[in-house]
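Asks: Quick one: this structure, given as structure tokens, is what I'll be asking you about.
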Amino acid sequence: ARRVLREGEWAKSRISLGRYPTIKLKEAREKARELAVEIKKGKDPRIEQEQERAEITAASANTFAKAVEDFMKEHVANLRPGTALQYKYALQGADTAPWRDRPITSITKADIRALLAGMKERDVTIGANRTLAYLKKFFNWCAEEKDLIEVPPTLTVNKPHEEVSRDRV
1200 ARRVLREGEW
1210 AKSRISLGRY
1220 PTIKLKEARE
1230 KARELAVEIK
1240 KGKDPRIEQE
1250 QERAEITAAS
1260 ANTFAKAVED
1270 FMKEHVANLR
1280 PGTALQYKYA
1290 LQGADTAPWR
1300 DRPITSITKA
1310 DIRALLAGMK
1320 ERDVTIGANR
1330 TLAYLKKFFN
1340 WCAEEKDLIE
1350 VPPTLTVNKP
1360 HEEVSRDRV
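If you use my numbering, the sequence shown corresponds to residues 1200 to 1368, in order.
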């Protein structure tokens, strides 16, 4: 038990360091010394732990699948059925399936490029361009309207394939 500064007064408080098999005695002693230094500075380590847990909980609640579901309800529901179907294939299809349970903040530019490269290898070149367009729209929506992410990972990603106009007869 240590005395921590709470509401302007030093109050006795217990701080859990962890359970024995998980944390070794030497590690517990080192952690206790570090916490003692923080407590002397007037910080309550439990508040910091609660904030970290809250951040982790918020990140796990904002998964890619949840954000896509909200996007589909708010934005895509008002579009023509054919366009809505294309959004569904791009955002809820097999290519983005590995992202479903990931926090939206963990998806990077490298993930986007890997997805597009995989599509290009399967010779879905124009489809990769369209998927990039739908992903850009989605991630911009996440950043600008919902503040789920700071910067869209698609911001500086270029089209993976050059498009050429067809000859019309």
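All C-beta atoms, glycine included, are put in the ideal place defined by N, C-alpha and C.
Just curious, the beta strand (DSSP E) that Ser-1212 is in, first and last residue?
Replies: Note, Ser-1212: beta strand (DSSP E), 1208-1212.
Asks: Would Phe-1263 pass as a contact of Trp-1298 if the rule is Cβ separation under 9 Å?
Replies: Contact: yes.
Asks: Give the straight-line distance between the Cα atoms of Lys-1358 and Asn-1328, rounded to the nearest whole angstrom.
Replies: Cα to Cα, Lys-1358 sits roughly 5 Å from Asn-1328.
Asks: Check whether the Cβ atoms of Leu-1315 and Val-1356 sit closer than 9 Å, and answer yes or no.
Replies: Contact: yes.
Asks: Find the nearest neighbour of Gly-1217 within the set Ile-1348, Thr-1330, Lys-1225, judged by alpha-carbon distance.
Replies: Comparing Cα-Cα distances from Gly-1217 to each of Ile-1348, Thr-1330, Lys-1225, the minimum goes to Lys-1225.
Asks: Using only CA atoms, which one of Glu-1361, Ser-1305, Gly-1326, Val-1363 lies nearest to Leu-1347?
Replies: Of Glu-1361, Ser-1305, Gly-1326, Val-1363, the residue nearest in Cα terms is Ser-1305.
Asks: For Lys-1211 and Glu-1233, what's the separation of their Cα atoms in angstroms?
Replies: When rounded, the distance between both Cα atoms is 18 Å.
Asks: With burial defined as no fewer than 16 other Cβ atoms inside 10 Å of the residue's Cβ, what is the status of Ala-1331: buried or exposed?
Replies: A quick correction: the sequence has Leu, not Ala, at residue 1331. Per the 10 Å Cβ criterion, buried.
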